[in-house]
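Chemist: Counting from 7, one number per residue, gives the positions in the sequence shown under my numbering.
Idealized CB from N, CA, C, for every residue including glycine.
I have a structure I would like to understand better, so I am pasting it below and will then ask my questions one at a time.
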Amino acid sequence: MAVIPANPAIRRPAVPWPMCVAEEVREALEHGAPVVALESTIIAHGLPRPRNLRIATELEETVRSRGAVPATVAVLDGTAHIGLDKAQLERVANDDSLRKLGHRDLAIALGSGGSGATTVSATAFLAARAGLRVFGTGGLGGVHRGWTATQDESADLGLLARTRITVVCAGVKSILDVPATLQRLETLGVGVLGFRTPTFPGFYLHSSGLPVDWTVQEAAEVAAVMRAQDALDGPDCALIVANPVPMEAQLDPELHDRVLAEALETATKEGISGQAVTPYLLDLLVRQTGGASLEANLAAVRGNVRIAAEIAVEWSRQVA
Ligand code: PSU
Ligand code: MN
Numbered sequence: 007m008a009v010i011p012a013n014p015a016i017r018r019p020a021v022p023w024p025m026c027v028a029e030e031v032r033e034a035l036e037h038g039a040p041v042v043a044l045e046s047t048i049i050a051h052g053l054p055r056p057r058n059l060r061i062a063t064e065l066e067e068t069v070r071s072r073g074a075v076p077a078t079v080a081v082l083d084g085t086a087h088i089g090l091d092k093a094q095l096e097r098v099a100n101d102d103s104l105r106k107l108g109h110r111d112l113a114i115a116l117g118s119g120g121s122g123a124t125t126v127s128a129t130a131f132l133a134a135r136a137g138l139r140v141f142g143t144g145g146l147g148g149v150h151r152g153w154t155a156t157q158d159e160s161a162d163l164g165l166l167a168r169t170r171i172t173v174v175c176a177g178v179k180s181i182l183d184v185p186a187t188l189q190r191l192e193t194l195g196v197g198v199l200g201f202r203t204p205t206f207p208g209f210y211l212h213s214s215g216l217p218v219d220w221t222v223q224e225a226a227e228v229a230a231v232m233r234a235q236d237a238l239d240g241p242d243c244a245l246i247v248a249n250p251v252p253m254e255a256q257l258d259p260e261l262h263d264r265v266l267a268e269a270l271e272t273a274t275k276e277g278i279s280g281q282a283v284t285p286y287l288l289d290l291l292v293r294q295t296g297g298a299s300l301e302a303n304l305a306a307v308r309g310n311v312r313i314a315a316e317i318a319v320e321w322s323r324q325v326a
C-alpha cells in the first residue's frame, strides 16, 4: 500500500504572522481580563467622516470606562490587527483605499499585503482566533430583500453559525429582510437573546415587531449562558445578544418607513449589488433623514458596546 506523505506545509503549526495582537490586549487575555472586539467596517464604510474617527475613539473609551480592554480589528498592509493604536485607528477612519473585508477576503488580503476594514464576519473570525469571546457592533448583516432573485445573504450569518463568540447588536438593519434573517439564524442554529426586550430590535427602531424566544435582563445572565455553552462544549456557534436602541433615541417610525421604501427603490434602479448594497443604503438613509438615522445608528452602537463591555466583565468574573 502506497503511503502518501503528509504535506509538511499543512502540518506546520500556526506562526504568529499574520496576526498582530496589541500588547494591552494580549496581556488582558493572558490574565483572563475582559476584552471587547470592535469591528472596523462600521468606522471605514458605515459612518461619515470626520465623525467616524471621534466615534471609533469614543467606543474604545466606553469599553475602558466599563473596565474592559477594547480591541478594534482591521487588516493593515497584510497583517491582521487585534487592537489598534491611535495612528492605526486614524488610518482606518481616513484611508480611502481601505477595502471592506468579509472573512472570505482575509487570507487574500493577508497573502497579498492588502489592507481593509473588517465586517462582522471577518472581525468575529479574527477575534475568536485571538481568543476573544465578546464583540460589540451595530447591526449584523443578514438576508437581503429580494433574496430569491439575488441570493444576497450576508456572509456574517454563515460565519456566526460556526464561531463561538458573543455578539451584541441592535438586530439587523431594516434595509434587510428581517423575518428571513431571523429564520436563517434559527436554521443555522445561532442562539438569540433579547436583552431586556421580548422582541427582536429593529436597529433604527426599538423593535422590529418580531418576537424573540429568550429574554435576559442582565449581563451576568448572558455570561452564564456562555459558561453553559462551554460546559457543553458547544454548539460551536455565536450567541447573539439583541440590544435595542432606547425608545427615546429611535428614528421616528413614520419617517423610517417612508425613507426606507424610497432608498430600496433607488438602489434597485441604480443596480447596486454585492458588497456595495449595505454602505449605499446606509448612506442614502442618512441623507434622506437629514442625519436622524445616523443619530439612531450611533445610539444603537453606543448601547451595544456598553453592554458588550459589561458582558465581558461578567464573563471574566464568572470564569475566574
Ligand atoms: N450594519 C451597520 N453598519 C455596518 C454594517 C452593518 O449598521 O457598517 C456592516 C457590518 O460590518 C456588517 C456588514 O458585517 O455591513 C455586512 O455587509 P454585507 O451585507 O455586505 O455582508
Ligand atoms: Mn451582501
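Measure from the alpha carbon of W23 to the alpha carbon of each residue in T205, I88, L245 and F206, then state which is nearest.
Modeler: Closest option to W23, judged by alpha-carbon separation, among T205, I88, L245 and F206: I88.
Chemist: Could you please give the first and the last residue of the uninterrupted alpha helix (DSSP H) stretch that includes V174?
Modeler: Careful: V174 lies outside any alpha helix (DSSP H), inside the beta strand (DSSP E) at T172 to C175.
Chemist: At which residues does the alpha helix (DSSP H) containing G142 begin and terminate?
Modeler: Run containing G142: none in the alpha helix (DSSP H); it sits in the beta strand (DSSP E), V140 to G142.
Chemist: If we require 3 or more residues per run, which beta strand (DSSP E) segments fall completely within the stretch 176 to 264?
Modeler: Considered as a whole, the stretch 176 to 264 harbours 197 to 201, 220 to 222 and 245 to 248 as its complete beta strand (DSSP E) runs of no fewer than 3 residues, in chain order.
Chemist: Drop a sphere of 10 angstroms on the beta-carbon of G330, count the other beta-carbons inside from all chains shown, and report buried for 16 or more, exposed for fewer.
Modeler: With the chain covering only 7 through 326, there is no way to say anything about residue 330.
Chemist: Using the Cα positions of R105 and G277, report the straight-line distance between them to the nearest angstrom.
Modeler: Approximately 20 Å, taken between the alpha carbons.
Chemist: Are the beta-carbon atoms belonging to F201 and I313 less than 8 Å from one another?
Modeler: yes
Chemist: Which residue comes first and which comes last in the beta strand (DSSP E) that contains T85?
Modeler: T85 to I88
Chemist: Where L266 and R323 are concerned, what is the direct C-alpha to C-alpha distance, given to the nearest angstrom?
Modeler: 42 Å
Chemist: Quick one: using the 10 Å Cβ neighbour count with 16 as the cut-off for buried, is V325 buried or exposed?
Modeler: exposed
Chemist: Determine the DSSP secondary structure at R105, reduced to helix, strand or coil.
Modeler: strand
Chemist: For V368 and A226, I'd like the C-alpha separation in whole angstroms.
Modeler: Residue 368 lies beyond the stretch modelled for the chain, which goes from 7 to 326, so this question has no answer here.
Chemist: Does the Cβ of E134 lie closer than 7 Å to at least one heavy atom of the ligand PSU?
Modeler: Rather than Glu, the amino acid found at residue 134 in this sequence is Ala. No, the ligand PSU has no heavy atom inside 7 Å of this Cβ.
Chemist: I'd like to confirm something about L288: is its beta-carbon nearer than 7 Å to some heavy atom of the ligand PSU, or not?
Modeler: yes
Chemist: Which same chain residues end up closer than 6 Å to M25 when comparing Cβ atoms and leaving out the 5 residues on each side of it in sequence?
Modeler: A86
Chemist: Compute the Euclidean distance between the alpha carbons of A115 and V283, then round it to the nearest angstrom.
Modeler: Straight-line Cα distance between these residues: approximately 21 Å.
Chemist: Shortest alpha-carbon distance to R264 belongs to which of A306, L59 and T295?
Modeler: T295
Chemist: Would you mind working out which of F206, V98, R32 and R72 sits nearest G137, comparing C-alpha positions?
Modeler: R32
Chemist: Taking F206 as the reference, which of D162, I181, C243 and V251 has the closest Cα?
Modeler: V251
Chemist: Report all residues from its chain with a CB closer than 7 Å to the CB of E268; omit the five preceding and five following residues, and keep chain order.
Modeler: Q294
Chemist: What residue from V311, A318, A186 and E316 has the CA that sits closest to I48's CA?
Modeler: V311
Chemist: Give me the Cβ distance between V228 and I171, rounded to the nearest whole Å; I'm assuming they're in contact under 8 Å.
Modeler: So it is not a contact: roughly 12 Å between Cβ atoms.
Chemist: Looking only at its own chain, which residues have a Cβ that is under 7 Å from the Cβ of A134, when we skip the five neighbours before and after it?
Modeler: If the five residues before and after A134 are omitted, its C-beta is found closer than 7 Å to the C-beta atoms of T169, R170 and I171, all from its own chain and listed in chain order.
Chemist: Cβ of V126 within 7 Å of any heavy atom in the ligand PSU?
Modeler: yes
Chemist: Residues in its own chain within less than 8 Å of A186 by CB, not counting five upstream and five downstream?
Modeler: Closer than 8 Å at Cβ, skipping near neighbours: G148, V149 and W153.
Chemist: Note down the Cα distance separating A93 from I61, rounded to an integer number of angstroms.
Modeler: 15 Å
Chemist: Shortest alpha-carbon distance to L182 belongs to which of E159, V196, G164 and A176?
Modeler: E159
Chemist: Counting C-beta neighbours from all protein chains within 10 Å, is the total for H109 16 or more, i.e. buried, or is it exposed?
Modeler: buried
Chemist: Exposed or buried, W321, counting other C-beta atoms within 10 Å across all chains shown (16 or more means buried)?
Modeler: When all chains shown are included, W321 counts as buried.
Chemist: Return yes when at least one heavy atom of the ligand PSU lies under 7 Å from the C-beta of D219, else no.
Modeler: With a cutoff of 7 Å, D219 does not count as near the ligand PSU, since its C-beta is closer than that to no heavy atom of the ligand.
Chemist: Following a CB-centred definition, is A161 positioned closer than 7 Å to any heavy atom of the ligand PSU?
Modeler: yes
Chemist: Can Q281 be considered in contact with the ligand PSU, in the sense that its beta carbon sits closer than 7 Å to one or more heavy atoms?
Modeler: yes
Chemist: Once you ignore the five residues that flank V218 on each side, which residues in its own chain have a CB closer than 6 Å to its CB?
Modeler: V198, G200 and F206
Chemist: From the DSSP output, read off the bridge partner residues of L146.
Modeler: Residue pairing from DSSP places L146 in a beta bridge opposite V178.
Chemist: In terms of residues, what are the limits of the alpha helix (DSSP H) holding P285?
Modeler: Taken as a continuous stretch (DSSP letters only), the alpha helix (DSSP H) holding P285 covers V283 to Q294.
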